[in-house]
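Top to bottom, those sequences are chains X and U.
Straight run, no breaks: the first sequence in the working numbering ends on number 579.
Straight run, no breaks: the second sequence in the working numbering ends on number 1579.
Protein chains: 2
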Amino acid sequence: MRFSASFLDRASQAIRRRPTISKLIVICALSSGGVLAYADAKSDHDFETSELTRKKKLVVLGTGWAGTSFLRNLDTSQYDVQVVSPRNYFLFTPLLPSVTCGTVEPRSIVEPIRKIMHKKVGGIKFWEAECYKIDPTNKKVLCCSNIWTNMDGSGEFAVDYDYLVIALGAKPNTFNTPGVVENCHFLKEIEDTQRIRRSVMNCFERASLPELSEEDRRKNLHFVIVGGGPTGVEFAAELHDFVSEDLAKLYPTVKDLVKISVIEAGDHILTMFDKRITEFAEEKFQRDGIDVKTNFRVVKVSDKAITMTSASSREISVPYGMVVWSTGIGTRPVILDFMKQVGQADRRVLATDEWLRVPNCDGVYALGDCATISQRKVMEDISAIFRVADKDDSGTLTVKEIKDVLDDICERYPQVELYLKSKQMKDFIDLFKDANSNAVKESKELNIEEFKKALADVDSRVKMLPATAQVAAQQGNYLAKCFNKMKICEENPEGPLRMRGSGRHRFHPFRYRHFGQFAPLGGEQTAAQLPGDWVSIGHSSQWLWYSVYASKQVSWRTRFLVVSDWMRRFIHGRDSSCI
Amino acid sequence: MRFSASFLDRASQAIRRRPTISKLIVICALSSGGVLAYADAKSDHDFETSELTRKKKLVVLGTGWAGTSFLRNLDTSQYDVQVVSPRNYFLFTPLLPSVTCGTVEPRSIVEPIRKIMHKKVGGIKFWEAECYKIDPTNKKVLCCSNIWTNMDGSGEFAVDYDYLVIALGAKPNTFNTPGVVENCHFLKEIEDTQRIRRSVMNCFERASLPELSEEDRRKNLHFVIVGGGPTGVEFAAELHDFVSEDLAKLYPTVKDLVKISVIEAGDHILTMFDKRITEFAEEKFQRDGIDVKTNFRVVKVSDKAITMTSASSREISVPYGMVVWSTGIGTRPVILDFMKQVGQADRRVLATDEWLRVPNCDGVYALGDCATISQRKVMEDISAIFRVADKDDSGTLTVKEIKDVLDDICERYPQVELYLKSKQMKDFIDLFKDANSNAVKESKELNIEEFKKALADVDSRVKMLPATAQVAAQQGNYLAKCFNKMKICEENPEGPLRMRGSGRHRFHPFRYRHFGQFAPLGGEQTAAQLPGDWVSIGHSSQWLWYSVYASKQVSWRTRFLVVSDWMRRFIHGRDSSCI
């Protein structure tokens, strides 16, 4: 197949190329010989490198926030990178609720992985397939293509690895409630949003058909959201806006029959946010006519009705038009199987150490929603810490000895710092003050028992990281940087002192920095909880939300599309075609 | 459900409202009492009107080009309008091939019918359902909802009509070739384009998987288009552009294995166009490496291979990755059933008269792709024409007598005018010259036999209208205008003289005006055939194509979206995510 390019094509392609190309063209105009020489030198160099040292095989499973952030920051020239994912694109998940009602279009929040990666030196190999088994014993993953039609064989293949990065994400958690998988929509993949959008429109069209009782119309226009977390609440708000701003005009005969219910098992919605935000959200929803049912637990979903219970009432069954299930995440089967193989069969979620490594599993890393960091407790290592700090082996620690290893302890056990902050202590030394209830002199020496007593409550501050895009992206970025300096840090380790060994850890452990979280509440109002417990609610936060989400887009294409989608929504409203 | 609107909402909604609202606000500021009085007077008036005269029930089946054009131009205040269609939106079909490869997004070429109609006085009722039976005897249509989930009953209902407008469109024609429905994609609905786009991407992803032979990769990247008409050719061109401009960069390892084939049963592709265009297209496709197989007929499509024959060769079977079937249109089952009821069982397509009325069927009209106008032949009515023209009953026609009825004859039988044009005659009188091979004096009189002889070949010029959006839209517009002046024209008929009756026809018969046709050939080149056999090929026609298609959009929303899609494609290319 030959390709001809017209003038316009060429112009268009030139625009799309990176700016360095234009620099090359300038150099080329000055001295084409020089450029040719440069090009030659480069390819020679590449050739030599690949011949002399075989690159280590790095396999990445998944192209979500963690996987993509890892790949974007990775120096791909150092490794033979292979990516396996059933999705050949990165999905900007925080905008999923906006897509359900057409505020933003699906294509505006996806970017092909090949496009993100195709300018990287060395490149990556991408296989659109699902990993169905991880085999750490033989260092390989078994994969199966989902698009294996019109071909012989089964579409299965194995990929060997030296390093494996597991970033497979999670699946929706149904708590084994009967009928949920069959009758509810989830809100995790781009296809979910398309199904929800079609389903909302179908409910309106169905409720508008002739020869229906008002009861049937009401039933069809009852939208139920199970789960009062950020996703469920944002979807409820989006749906309310869609109905009031767009559909009410087009379906005037049924618009007053619409009901939106949010069912939450806890006392309040948005419990992960500050109390002020929760209260504001509940009040706003009440004003908007969104029915928030707290302390209700869904026990069954049939094709016609949703059944729930509460402490104060018997089982009630409510007919519905559509249910969206958004109650948190569960572990994927392939991860559960892998956990059995690596001795984590009794855990709910795959655990890694603070360097995102899966314990007892050479070269395997896990990050994002599919794993959780199991922070080592201070009390487990207390004797080792004491031994490391006690340089002169005197059996007691001087304040100076403690100060010498303080930074390493705080880095290795971040709960120490959190504990100090929570108790409003300025210094590590204050800990011992607290324990002994009196002033500590610089000359004071502590024995192991006193040391233990002082640190006894520190581990209560160990915090699990939330399953958010922000955490996954930071983990991906962190791990990529570790991989990039793998060789350098082998010789010059940069991490804290090893407490139960000698020398230093190769890398700093992963530390999460929280930049805040948004909860869009509809009607151009957003609640924002920023670091330092700074809370902002209203239209100004909505503009902050617009700017942050536009700036966080993975490419200029999606940024252009998302912003023009917002403009389009503002001028022309949302589309209500059933497609 | 109550709706609250923030400042931004209100601003946004105000922009979307029609400008008259702002005038009302101005009046309101001047004299709020006056406005209230006006509002009261208006609703009283409405009430009286609806009480005194029951509006006739007008049922429209279908929301394609014909149905939508009819609805947009209809004075809905005169009728009780009900629309039945399985699609709640109008689809701008000429851009379907652009959507298959992501040059334009699906939502950019659809507009909800309710949105198109919601500002119309009186409004319309829309039922999202499929009409499965037309019952002209009882003047009702039977419909069935396609979205009848989670409801009791069957979702069936009947709609009574006084006037019925059938604009149901057509279905793809498979010529009963085995395996086509199961294995091929069509290109008629918006869902088809989404499936094709996903399928193209799946072929590329599948061909890129590890452990495949080159033969398997080639097979997966063989794209077959059956049918060398405008749709098939445009799709082939779009696909070629998509591959060469976007996918070649992202799939460098397999890009040279891509093959696009166009299979055409005739001697050439684009046979409905001028020979210059056909030749240019065939040459361009050859340069682009698109394999055009003319004189090949497809006899079977299995899940792995497509089988075809030609006069010169035995059956050949070619493996493929994807087949798009685009060989013309067939009649829908509901129309075939209706044809049986109205005595057209032996016809292939539903026939109407020149006023788009279904013969022997009171109040039923058919237009667009589901029907064809059966032009009355001059020779069938020759005696009646003679009798009407022969005012003095002399048994002979003078030239003056002929001239008196000439306009009516030409309007009733447009083939007469076409015949004169084709023979390069300036005047009707020349016809008689031609027949008698000598000059005709003004005083000459013709008897019936001479009259018949002169008009003998005229009916050879009867032309079937093509099944295009242009024809359907003009028919819808024409019929709406007829409906709008139904009462006026009942008293003052505007049509030509009735030949086989007395008086005049109520309306002018439908006349199609051809504004030209485009054939986009890829690489920013388009062939345009404009009225007067004016042919233009190349980049300038592409810009004409852009302007015409942008201006023909049904709403400002779709116009804005289509133009911004073109810009987005030009700057960022097409998206290759498998969604």
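C-beta: ideal position from N, C-alpha, C; glycine also.
Starting from X:Cys489, follow its DSSP beta bridges and name the residues at the other end. Here residue 489 of chain X refers to the residue found at position 489 when the first sequence is read from its first residue. Partner(s): none; X:Cys489 has no beta bridge.
What's the C-alpha gap between X:Tyr79 and X:Leu58? Translated into the one-based positions of the first sequence, residue 79 of chain X becomes position 79. Translated into the one-based positions of the first sequence, residue 58 of chain X becomes position 58. Counting only the Cα atoms, X:Leu58 lies some 6 angstroms from X:Tyr79.
Answer with yes or no whether the minimum CB distance from U:Lys1300 to chain X is below 8 angstroms. Position 300 of the second sequence, counted from the first residue, corresponds to residue 1300 of chain U. Chain X contact via Cβ: absent.
Got a sec, what are the start and stop residues for the beta strand (DSSP E) X:Met201 sits in? By one-based count along the first sequence, residue 201 of chain X stands at place 201. Run containing X:Met201: none in the beta strand (DSSP E); it sits in the alpha helix (DSSP H), Ile190 to Ala207.
Continuous alpha helix (DSSP H) stretch holding U:Phe1280: start and end: Counted from its first residue, the second sequence places residue 1280 of chain U at position 280. Element bounds for U:Phe1280: Lys1275 to Asp1288.
CB contact below 8 angstroms: U:Phe1560 versus chain X: Along the second sequence, read from residue 1 onward, the residue named residue 1560 of chain U stands at position 560. It does; some Cβ of chain X falls within 8 angstroms.
When you compare only the Cα positions, how much space is there between U:Arg1206 and U:Ser1576? Along the second sequence, read from residue 1 onward, the residue named residue 1206 of chain U stands at position 206. Along the second sequence, read from residue 1 onward, the residue named residue 1576 of chain U stands at position 576. Their Cα atoms are separated by approximately 14 angstroms.
Segment contact flag, the segment 309-327 of chain X with the segment 116-135 of chain X, C-beta cutoff 8 angstroms, min 3 pairs: For the pair of segments examined, the segment 309-327 of chain X was found not to touch the segment 116-135 of chain X: the number of CB pairs separated by less than 8 angstroms stays below three.
Within chain X, the residues that U:Ser1310 reaches when beta carbons sit closer than 9 angstroms: On the second sequence, position 310 is the one that residue 1310 of chain U refers to. Neighbours of U:Ser1310 across chain X, judged by C-beta separation under 9 angstroms, do not exist; the nearest C-beta is about 23 angstroms away.
Use the C-beta contact count for X:Glu191: other C-beta atoms within 10 angstroms, 16 or more gives buried, fewer gives exposed. On the first sequence, residue 191 of chain X is found 191 positions in, with the first residue counted as 1. Flag for X:Glu191 reads exposed.
Classify X:Arg276: buried if its beta carbon has 16 or more other beta carbons within 10 angstroms, exposed otherwise. As a working mapping, residue 276 of chain X is identified with position 276 in the first sequence. Exposed, by the Cβ-count rule.
Spatial distance of U:Arg1347 from U:Ser1069 (CA atoms): Within the second sequence, residue 1347 of chain U is the residue found at index 347, counting from 1. Within the second sequence, residue 1069 of chain U is the residue found at index 69, counting from 1. Straight-line Cα distance between these residues: approximately 27 angstroms.
According to the Cβ coordinates, are X:Ala66 and X:Leu270 closer than 8 angstroms? Counting from one through the first sequence, the residue named residue 66 of chain X turns up at place 66. Counting from one through the first sequence, the residue named residue 270 of chain X turns up at place 270. In this structure, X:Ala66 lies away from X:Leu270, with their beta-carbon atoms at least 8 angstroms apart.
As a quick exercise: from U:Ser1108, U:Glu1215, U:Ser1383 and U:Thr1093, pick the residue whose alpha carbon is nearest that of U:Trp1660. The first residue shown for chain U is 1001 and the last is 1579, placing residue 1660 of chain U beyond what the model contains.
Beta strand (DSSP E) containing X:Phe92: first to last residue? The residue labelled residue 92 of chain X in the question sits at position 92 within the first sequence. Run containing X:Phe92: none; DSSP gives neither H nor E here.
Cβ separation of U:Val1224 and U:Ile1113, assumed to be a contact under 8 angstroms, to the nearest whole Å: Taking the second sequence and counting its residues from 1, one reaches residue 1224 of chain U at position 224. Taking the second sequence and counting its residues from 1, one reaches residue 1113 of chain U at position 113. Rounded to whole angstroms, the Cβ separation of U:Val1224 and U:Ile1113 is 35 angstroms, and the two are not in contact under 8 angstroms.
Comparing alpha-carbon positions, which option in X:Lys115, X:Asp267 and X:Val141 lies nearest U:Leu1250? On the second sequence, residue 1250 of chain U is found 250 positions in, with the first residue counted as 1. The residue with the shortest Cα to Cα distance from U:Leu1250 is X:Lys115.
X:Val110: contacting residues in chain U (beta-carbon distance under 8 angstroms): To locate residue 110 of chain X, count along the first sequence from 1; it is residue 110. Result: Asp1575, Ser1577 and Ile1579.
Among residues of its own chain, excluding the 5 on either side of X:Gln470, which ones have a beta-carbon nearer than 7 angstroms to its beta-carbon? Taking the first sequence and counting its residues from 1, the one referred to as residue 470 of chain X is at position 470. Result list for X:Gln470: Phe515, in chain order.
Would you list, in sequence order, the uninterrupted alpha helix (DSSP H) runs of no fewer than 4 residues that lie entirely inside the segment 1087-1160 of chain U? Taken in chain order, the unbroken stretches of alpha helix (DSSP H) that lie wholly in the segment 1087-1160 of chain U and span 4 residues or more are 1096-1100 and 1113-1117.
Is U:Tyr1478 helix, strand or coil when you go by DSSP? Your numbering for residue 1478 of chain U matches position 478 in the second sequence. Helix, per DSSP.
Can you give me the Cβ contacts of U:Arg1506 inside the same chain, cut-off strictly under 7 angstroms, excluding the 5 residues immediately before and after it? If you number the second sequence from 1, residue 1506 of chain U lands on position 506. So the qualifying residues of the chain are Cys1489, Glu1490, Pro1493 and Gly1495.
Could you tell me whether any Cβ in chain X is nearer than 8 angstroms to the Cβ of U:Ser1564? By 1-based counting over the second sequence, the position of residue 1564 of chain U is 564. Yes, because at least one Cβ of chain X sits closer than 8 angstroms to the Cβ of U:Ser1564.
For a contact defined as C-beta to C-beta under 7 angstroms, what are the partners of U:Pro1333 on chain X? Residue numbering aside, residue 1333 of chain U sits at position 333 when the second sequence is read from its first letter. Neighbours of U:Pro1333 on chain X: none; closest Cβ ~22 angstroms, over 7 angstroms.
Distance CB(U:Leu1061)-CB(U:Val1226) smaller than 8 angstroms: The count along the second sequence starts at 1 and reaches residue 1061 of chain U at position 61. The count along the second sequence starts at 1 and reaches residue 1226 of chain U at position 226. Cβ distance not < 8 angstroms, so U:Leu1061 and U:Val1226 don't count as in contact.
Report yes or no: is there a C-beta of chain U within less than 8 angstroms of the C-beta of X:Asp162? Here the question's residue 162 of chain X lines up with position 162 in the first sequence. Cβ-Cβ to chain U under 8 angstroms: no for X:Asp162.
Helix, strand or coil: which one does DSSP assign to X:Asn630? Given that chain X is displayed from residue 1 to residue 579, the structure contains no residue 630 of chain X and the question cannot be resolved.
Among all the DSSP beta bridges, which residues are the ones paired with X:His185? Reading the first sequence from its first residue, position 185 is the one you call residue 185 of chain X. DSSP, once it has assigned bridges, lists X:Val324 as partnering X:His185.
Inter-residue Cα distance where the pair is X:Glu450 and X:Leu74: For the purposes of this step, residue 450 of chain X is identified with residue 450 of the first sequence, where counting begins at 1. For the purposes of this step, residue 74 of chain X is identified with residue 74 of the first sequence, where counting begins at 1. Taking the CA atoms as reference points, X:Glu450 sits about 46 angstroms from X:Leu74.
Which residues in chain U sit within 8 angstroms of X:Phe242, going by Cβ to Cβ distance? Mapped onto the first sequence, residue 242 of chain X falls at position 242. Using a Cβ-Cβ cut-off of 8 angstroms, X:Phe242 is close to nothing in chain U; its nearest Cβ partner there is about 11 angstroms away.
Who are the Cβ neighbours of U:Arg1504 in its own chain at under 7 angstroms, not counting the five residues just before and after it? The residue given as residue 1504 of chain U occupies position 504 in the second sequence. Closer than 7 angstroms at the Cβ level, and outside the excluded window around U:Arg1504, lie Pro1493, Gly1495, Pro1496, Leu1497 and Arg1498.
Reduced DSSP category for X:Thr63 - H, G, I as helix; E, B as strand; rest coil: For the purposes of this step, residue 63 of chain X is taken as residue 63 along the first sequence, with counting starting at 1. In the structure shown, X:Thr63 sits in coil (DSSP, three-state: anything other than H, G, I, E or B).
Using CA atoms only, rank isn't needed, just tell me which of X:Lys423, X:Val301 and X:Leu142 is closest to X:Asn183. Stepping through the first sequence from its first residue, residue 183 of chain X is reached at position 183. Comparing Cα positions, the closest option is X:Val301.
Extent of the continuous beta strand (DSSP E) to which X:Arg574 belongs: Here residue 574 of chain X refers to the residue found at position 574 of the first sequence. No beta strand (DSSP E) holds X:Arg574; DSSP gives it neither H nor E.
Buried or exposed for X:Trp545, please, with buried defined as at least 16 other CB atoms from any protein chain shown within 10 angstroms of its CB. For this step, residue 545 of chain X is matched to residue 545 along the first sequence. The residue is buried, with at least 16 neighbouring Cβ atoms inside 10 Å.
In this structure, does DSSP put X:Phe58 in helix, strand or coil? The residue labelled residue 58 of chain X in the question sits at position 58 within the first sequence. Here the sequence assigns Leu to residue 58 of chain X, which means Phe is not the residue at that position. Secondary structure at X:Leu58: strand, using DSSP grouped into helix, strand and coil.
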